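Asker: Throughout the first sequence, residue numbering follows the working numbering, covering 1057 to 1866 in sequence.
Backbone N, C-alpha and C define an ideal beta-carbon position, used for all residues, glycine too.
Note that the structure is a prediction, hence the values are computed from the model and not measured.
Input: one structure, supplied below.
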Amino acid sequence: MARKYNPQEIEPKWQKYWAEKEMHTVKKDDSRPGYYCLDMFPYPSGIGLHVGHWRGYVLSDVWSRYKTLQGYQVLHPMGWDAFGLPAENYAIQHKVHPAKAVKVNVENFKRQLHDIGAMYDWNREVNTTDPEFYKWTQWIFANMFKKGLAYRKEMPINWCPDCKTGLANEEVVNGACERCGAEITKKNLNQWMLKITAYAERLLTDLDSLEWPERVKKMQSNWIGRSEGAEITFEIEGHGETVTVFTTRPDTLFGATYMVLAPEHPIVSAITSTEQNGAVKSYVEEALKKSNVERMIEDKQKTGVFTGAFAINPINDGKVPIWISDYVLMDYGTGAIMSVPAHDQRDFDFAKEFNLPLQVVIRPDGETFEADDLTEAYTGPGKMVNSGEFDGLAWEEGKKKVTDSLASRGIGKAMVNYKLRDWVFSRQRYWGEPIPIIHCEQCGMVVVPDEDLPVRLPDVESYEPTGTGESPLARIEEWVNTTCPECGGPAKRETDTMPQWAGSSWYFLRYPDPHNSEKPWSEEAMEKWMPVDLYVGGVEHAILHLLYARFFTKFLHDLGIVSFEEPFNRLFNQGMIYKDGAKMSKSKGNVVSPDELIDRYGRDSIRLYELFIGPPEVDVEWSDQGFEGVARFLNRSWNLITEIIEDDRFIEPTKELERECHGLIKDVTERLEDMKLNTAVSAFMSYVNFLNKEKENGIDRASLETLVLLLSPFTPHFSEELWQILGHEESVFKEKWPEYDPKKLVADEMELPVQINGKIRDTLTIDINASKEDILAAAKALPNVVRNMEGMRVVKEIYVPKKIVNLVVK
RNA sequence: GCCGGGAUGGCGGAAUAGGCAGACGCAUCGGACUUAAAAUCCGAUGGUAUUUUAUACCGUGCCGGUUCGAGUCCGGCUCCCGGUACCA
């Protein structure tokens, strides 16, 4: 009796074999073409891995092993995103130093990742909290500073009162902290900013060249939020001042019946009339107090106050009142708008609220509506009316003509605006890369010279956030006080740290050359590996991480140290795995741990089920029962192969065996290429079902070997063992991925469905090479066809080669 | 509100490029093996109708269209999921 499939025995055996033979070590002197398959590196939480985490890692590993078999040298590394709030909050909660917590968690995570059986090259492991790594994070920041892309600015920023730190726009979700869910307030702080807006246009246009899911590209382009329009300058009556507005609708300028400034607009106090002074002052104060959430929740009821001042509409010298309202945001455009209530819904609502006049200036042909007829703003297309010399112009043309006219008079110009804001890059927390800047009384802000990097995080007793807007580092005098690298005088270190996204914005550049102490990376390493060929990770990083990483890469390109402009050629977002309808979490108690499954079924079964569970990009529900199916499949396959060997029931290949075998190669290869891995697994199942029916007659060796080989990226331990049992000395991963022979796929006969008036009536089995005439004749002779055609006349005969016959009868 | 994505048996899901809807798996039912159970193996399994057999009709969220033929294409809806939120 052949021995049973025993994953508990064979899985450790092969993991040991791979390690001893250094099969996953990426060596420098390898002439194979490189292929870079990257997982988004995790932050090592204390909770560890569950089956949901496995999904992306299994997928990238299947792909890496497939590429290996195709003859590539595959770089498939792993590392740790260990700075940042999650790690720090965990450490505070458990009262351990974050560095210690990270160390323990990394070890645990690594052990669990080993279970997957993935071909990670652990020699290239990176850790963002390693000074040898963050040295280069600081180095990149220093270069941004030198290029004027990192700057300091005092401004009201998003502040999380729970995490006690400032946050980037991208980290605020529905007015709440992305990490802890606390309501975000505004806090005026002197902040480090990165000028990501300088790259807005390139970040937008280069999306076109990327092989990424459309929705991710769309999310990024919405986030960047490009809009074309014009800036128009209005004079303020009796003040000698001007206000510039941004509008996407210069064609509606004749309909601008009032103007609105953001409450924070700097000119407000200067233009407010004495009578209005009190009202304006208290409105501004109220507006500043409101949090983002309050501003949103207040059902969009428009509020505002008249300033008492008037502006002159430059196109028709009309006198328009200037109001302030919080529906105009200071940090978009110019913080001021011209209001066209007839053609903008927000302006319409405001005008109705405060009884301001409307003027229709755009109307489609055939319509006659006037201001009084409108119950909502008309925002559609049309021709300009009530617009003097511009009357009759189509709106799109009007935009251009009006802008040109203003430009010629020097009071307006075409303008592009972006929603994207500069990146708030300081955190008032301990656990991050120190920002490598020194404040000198004499020299001002001085960047730490390269030779003094890294600026190490000092060891401290208390790393808890202060909440004052100052980082805990500020309290460590012996660290803060230093000397100026330029004048040698007394100076203080910058005490803010970088956000978690800093290290992850470039870590993928370090794996190709992770131990380089001279440079962040060598040119050869970049040349061989970058850009990343396939990047696998969750869609939750669609904006944050992926946008920041693209920005860093473009900056490094401009710095001349990388040749490419985009870091990730192809992106794949795996779906999440739910249990009981919810995301797995410890608090919900619905976590499925791989440990138990490993003991009962083995790693390869989990790998296979992770793939079989559903289309890889779609969210799915975990099913313990469904799991049994793949476990049975592996047992059946094992038994089939070992029985054939045991009983020596090998035969010469038959035509049918060959056809099915080559059909399997074709299906599995195509489905892999399309990332339809769930259907690739079902192809294996169908094939084994077929072989099981054949086993009494015996099976040829090639059929079994091909099966084991094709399965190897999916179930590497299983395949290695069977490959050995089949008599091979070398690892199955030294083999080549097979190619199918199209000639072997062709059968002698085919089955053709025969329709009458589009309804299937019978099936015709006929020689594959039969002529159209023969086929139609045979089809018409089929008993059920004859029956259904009785008394009818054929008016049309359709034969789609090798697909279908359809007879149209009357 | 706007922008994406989706809806197929009891369930998860298949269906290159308009050509046999429901592959594969789960669950269920029947059978074999067993003293028995588990495991395993074999078979059935979208719905309705007809006594059998087989056949007919219906069936991919809803309504309509194009076509010899529509899950697939076009027009109009409904619901669900994700992103975004006064961005001028």
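To which residues of the same chain is Q1126 closer than 7 Å at the C-beta, ignoring the five residues directly before and after it?
Answerer: Residue numbering aside, residue 1126 sits at position 70 when the first sequence is read from its first letter. Counting only Cβ-Cβ distances below 7 Å, and skipping sequence neighbours, we find W1793.
Asker: For a test of the three-state rule: what should DSSP assign to R1419, helix, strand or coil?
Answerer: In the first sequence, counting from the first residue as 1, residue 1419 sits at position 363. Residue state, collapsed to three classes: strand.
Asker: Relative to the C-alpha of Q1484, which residue among D1428, Y1519, K1203, V1229 is closest?
Answerer: Position 428 of the first sequence holds residue 1484. Among D1428, Y1519, K1203, V1229, the Cα nearest to that of Q1484 is on Y1519.
Asker: Evaluate K1615 with the Cβ neighbour count: other Cβ atoms within 10 Å of its Cβ, from every protein chain shown; 16 or more gives buried, anything less gives exposed.
Answerer: For the purposes of this step, residue 1615 is identified with residue 559 of the first sequence, where counting begins at 1. Note that residue 1615 is Leu in the sequence shown here, rather than Lys. Classification of L1615: exposed, given that the 10 Å Cβ count is below 16.
Asker: Alpha carbon to alpha carbon, what distance is there between V1441 and F1425?
Answerer: In the first sequence, residue 1425 corresponds to position 369, counting from 1. In the first sequence, residue 1441 corresponds to position 385, counting from 1. Near 11 Å, if we compare the C-alpha coordinates of V1441 and F1425.
Asker: With DSSP as the reference, label T1390 as helix, strand or coil.
Answerer: Taking the first sequence and counting its residues from 1, the one referred to as residue 1390 is at position 334. T1390 falls in the coil class under three-state DSSP.
Asker: State whether the region 1718 to 1730 contacts the region 1653 to 1660, with contact taken as three or more CB pairs (one from each stretch) at a distance under 8 Å.
Answerer: Cβ pair count under 8 Å is below three, so no.
Asker: Is I1700 helix, strand or coil when you go by DSSP?
Answerer: Mapped onto the first sequence, residue 1700 falls at position 644. Helix, per DSSP.
Asker: Roughly how many whole angstroms lie between the Cα atoms of R1727 and Q1357?
Answerer: Within the first sequence, residue 1727 is the residue found at index 671, counting from 1. Within the first sequence, residue 1357 is the residue found at index 301, counting from 1. Looking at the two C-alpha atoms, the distance is approximately 53 Å.
Asker: Extract the residue ranges of the alpha helix (DSSP H) inside the region 1725 to 1788, only unbroken runs of 4 or more that lie entirely within it.
Answerer: Whole alpha helix (DSSP H) segments, 4+ residues: 1733 to 1750, 1757 to 1767, 1772 to 1781.
Asker: Check whether the Cβ atoms of V1396 and V1361 lie closer than 7 Å to each other.
Answerer: On the first sequence, residue 1396 is found 340 positions in, with the first residue counted as 1. On the first sequence, residue 1361 is found 305 positions in, with the first residue counted as 1. No, these two residues do not count as a Cβ contact at 7 Å.
Asker: Just curious, the beta strand (DSSP E) that K1209 is in, first and last residue?
Answerer: Within the first sequence, numbered from 1, the residue matching residue 1209 stands at position 153. Start and end: 1206 to 1216.
Asker: Buried or exposed: which applies to H1034, given that a residue is buried once 16 or more other Cβ atoms fall within 10 Å of its Cβ?
Answerer: Nothing about residue 1034 can be reported from this structure: the residues present for the chain run from 1057 to 1866 only.
Asker: In the DSSP assignment, find the unbroken beta strand (DSSP E) run with I1860 in it and report its ends.
Answerer: Mapped onto the first sequence, residue 1860 falls at position 804. It spans 1860 to 1865 - the beta strand (DSSP E) in which I1860 sits, taken as one unbroken run.
Asker: Which value, in whole angstroms, describes the spacing of the CA atoms of I1493 and E1574?
Answerer: Indexing the first sequence from 1 puts residue 1493 at position 437. Indexing the first sequence from 1 puts residue 1574 at position 518. When rounded, the distance between both Cα atoms is 21 Å.
Asker: Secondary structure at N1691, three-state DSSP: helix, strand or coil?
Answerer: The sequence position of residue 1691 within the first sequence is 635, counting from 1. Correct three-state label for N1691: helix.
Asker: Just grab the DSSP bridge partners of T1241 for me.
Answerer: Along the first sequence, read from residue 1 onward, the residue named residue 1241 stands at position 185. According to DSSP, which records beta bridges pairwise, T1241 is partnered with W1215.
Asker: What did DSSP end up calling I1380 once you bin it into helix, strand or coil?
Answerer: Taking the first sequence and counting its residues from 1, one reaches residue 1380 at position 324. Three-state result, I1380: strand.
Asker: Just to confirm, is the Cβ distance from P1490 to T1538 under 7 Å?
Answerer: Mapped onto the first sequence, residue 1490 falls at position 434. Mapped onto the first sequence, residue 1538 falls at position 482. Going by C-beta atoms, P1490 is not nearer than 7 Å to T1538.
Asker: Measuring CB to CB, does L1627 end up less than 7 Å from Y1591?
Answerer: If you number the first sequence from 1, residue 1627 lands on position 571. If you number the first sequence from 1, residue 1591 lands on position 535. Yes, they are a contact pair.
Asker: Would you check if there are 3 or more beta carbon pairs closer than 8 Å linking the region 1502 to 1520 to the region 1565 to 1573?
Answerer: Taking 8 Å as the limit for Cβ pairs, the verdict is that the region 1565 to 1573 does not touch the region 1502 to 1520.
Asker: Cutting at 7 Å between CB atoms, please list the residues of its own chain near P1375, excluding the five before and the five after it.
Answerer: If you number the first sequence from 1, residue 1375 lands on position 319. What sits at residue 1375 in the sequence shown is Lys, not Pro. Once the five neighbours on either side are set aside, the close Cβ partners of K1375 are E1293, F1366, I1368.
Asker: Can you tell me the Cα-Cα spacing of P1857 and M1848, whole angstroms?
Answerer: The residue labelled residue 1857 in the question sits at position 801 within the first sequence. The residue labelled residue 1848 in the question sits at position 792 within the first sequence. Distance between the alpha carbons of P1857 and M1848 is about 25 Å.
Asker: Check the DSSP bridge columns for E1807 and list the partner residues they point to.
Answerer: For the purposes of this step, residue 1807 is identified with residue 751 of the first sequence, where counting begins at 1. Note: E1807 sits in a beta bridge opposite T1821.
Asker: By the DSSP assignment, the beta strand (DSSP E) with A1470 in it spans what residues?
Answerer: Here residue 1470 is taken as the residue at index 414 of the first sequence, counted from 1. Segment 1468 to 1473, the beta strand (DSSP E) holding A1470.
Asker: Return the first residue and the last residue of the beta strand (DSSP E) that F1302 is part of.
Answerer: Within the first sequence, numbered from 1, the residue matching residue 1302 stands at position 246. Start and end: 1298 to 1303.
Asker: Have a look at T1124 and S1661 and give me their C-alpha separation to the nearest angstrom.
Answerer: As a working mapping, residue 1124 is identified with position 68 in the first sequence. As a working mapping, residue 1661 is identified with position 605 in the first sequence. Looking at the two C-alpha atoms, the distance is approximately 22 Å.
Asker: Candidates V1502, E1320, T1313: which alpha carbon is nearest Q1415's?
Answerer: As a position in the first sequence, residue 1415 is number 359, starting the count at 1. The option with the nearest alpha carbon to Q1415 is T1313.
Asker: By alpha-carbon positions, which one of W1110, W1248, K1159, E1432 ends up nearest to Q1168?
Answerer: Counting from 1 along the first sequence, the entry for residue 1168 is found at position 112. Among W1110, W1248, K1159, E1432, the Cα nearest to that of Q1168 belongs to W1110.
Asker: Should L1820 go down as buried or exposed, given a rule of 16 or more other Cβ atoms within 10 Å for buried?
Answerer: By 1-based counting over the first sequence, the position of residue 1820 is 764. The residue in question, L1820, is buried, as its Cβ has 16 or more Cβ neighbours within 10 Å.
Asker: Could you check the C-alpha separation between I1172 and L1260 for me, to the nearest Å?
Answerer: Counting from 1 along the first sequence, the entry for residue 1172 is found at position 116. Counting from 1 along the first sequence, the entry for residue 1260 is found at position 204. Distance between the alpha carbons of I1172 and L1260: 37 Å.
Asker: If you reduce the DSSP assignment to three classes, tell me which class V1676 lands in.
Answerer: For the purposes of this step, residue 1676 is taken as the residue at position 620 of the first sequence. Here V1676 sits in strand by DSSP.
Asker: Can you tell me the Cα-Cα spacing of M1640 and D1675, whole angstroms?
Answerer: Taking the first residue of the first sequence as position 1, residue 1640 is located at position 584. Taking the first residue of the first sequence as position 1, residue 1675 is located at position 619. Cα to Cα, the separation comes out at about 12 Å.
Asker: Taking the alpha carbon of M1394 as the point to measure from, which residue in T1241, V1301, W1678 has its own alpha carbon closest?
Answerer: Position 338 of the first sequence holds residue 1394. M1394 has its Cα closest to that of V1301, out of T1241, V1301, W1678.
Asker: Sort out for me which residues DSSP pairs E1291 with in a bridge.
Answerer: Stepping through the first sequence from its first residue, residue 1291 is reached at position 235. Partner(s): T1298, I1368.
Asker: So within the region 1536 to 1579, which uninterrupted beta strand (DSSP E) runs reach at least 3 residues, ignoring any that extend past its ends?
Answerer: Segments of the beta strand (DSSP E) lying fully in the region 1536 to 1579: 1537 to 1539, 1546 to 1549.
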